[in-house]
Amino acid sequence: MSTTPILLASGSPRRSELLEQLGLRFSVAAPDVDETPLPHEAPVSYVRRLAVEKAHAVAAAADVVVIAADTTVDLGGEILAKPIDAHDARAMLRRLSSRTHRVHTGVAVRLGDRTVAETITSLVTFTPLTTEMIEWYVATGEPLDKAGAYAVQGAGGVFVQRVQGSVSNVIGLPLHTVLRLAGELGVDLLR
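Counting from 1 along the sequence shown, just add 108 to a position and that's the residue number in my numbering.
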């Protein structure tokens, strides 16, 4: 396990859980970043920009590896962020029903004054959703703080027919990318 200090620049419990699965010890600082998309900003550019901004929004000593990420759902080039309420969640789920969409996660890793970043994309295909299924899921409360109004690792996973690409990316932190980017900065997080 790495002896390099690690700071996760995210308040997401899911990202923390993913890093914990690797046996990493880290501290957490939730960055304060405006997540409003820029006019005409593509989903891939949007998540990469936010990941870099989050990595730089937290204070860290020069020897601390800062890991930051941002995830969004992309349906036909449109960003489906977190729903604003239950009505919005229902509308998103109806749109995702029987369709394949993209999940993009921008990842940024910073060490001192060096930052490397990349965006990873996975394809997620939903089964057909009935009104009753959508109502059941919205009543769980789970979709209200999730991009695209669902969590593949939670009850929303019942709607997912297929994932092409990284599953940890869909959850919010593509672990293989985190390890590779840290390696580009000369840090092996698993040692």
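Where a beta carbon is used, it is the ideal one built from N, C-alpha and C, also for glycine. As the structure is a computational prediction, the values presented were derived from the model and not from experiment.
Rounded to whole angstroms, the gap between the alpha carbons of residue 262 and residue 133 is 24 Å.
Here residue 151 has 180, 182, 187, 212 as same chain residues with Cβ atoms under 6 Å from its own Cβ, once five neighbours each way along the sequence are excluded. The beta carbon of residue 273 lies closer than 7 Å to those of 229, 230, 231 in the same chain, with the five residues before and after it left out. In the displayed model, residue 211 falls within a strand according to three-state DSSP. In the three-state reduction of the DSSP assignment, residue 134 falls in the coil class, being assigned neither a helical nor a strand state. The continuous beta strand (DSSP E) containing residue 183 extends over residues 173–183. Take residue 115, set aside five residues on each side of it, and the residues of its chain with a beta-carbon closer than 8 Å to its own are 134, 135, 136, 137, 166, 168, 172, 173, 174, 175, in chain order. By the criterion of a C-beta distance shorter than 7 Å, residue 120 is surrounded in its chain by 280, once the five residues flanking it on both sides are discounted. Collapsing the DSSP output to three states places residue 222 in a strand.
Excluding residues up to 5 positions away in sequence, 158, 161, 162, 165 lie with their Cβ nearer than 7 Å to the Cβ of residue 141 in the same chain.
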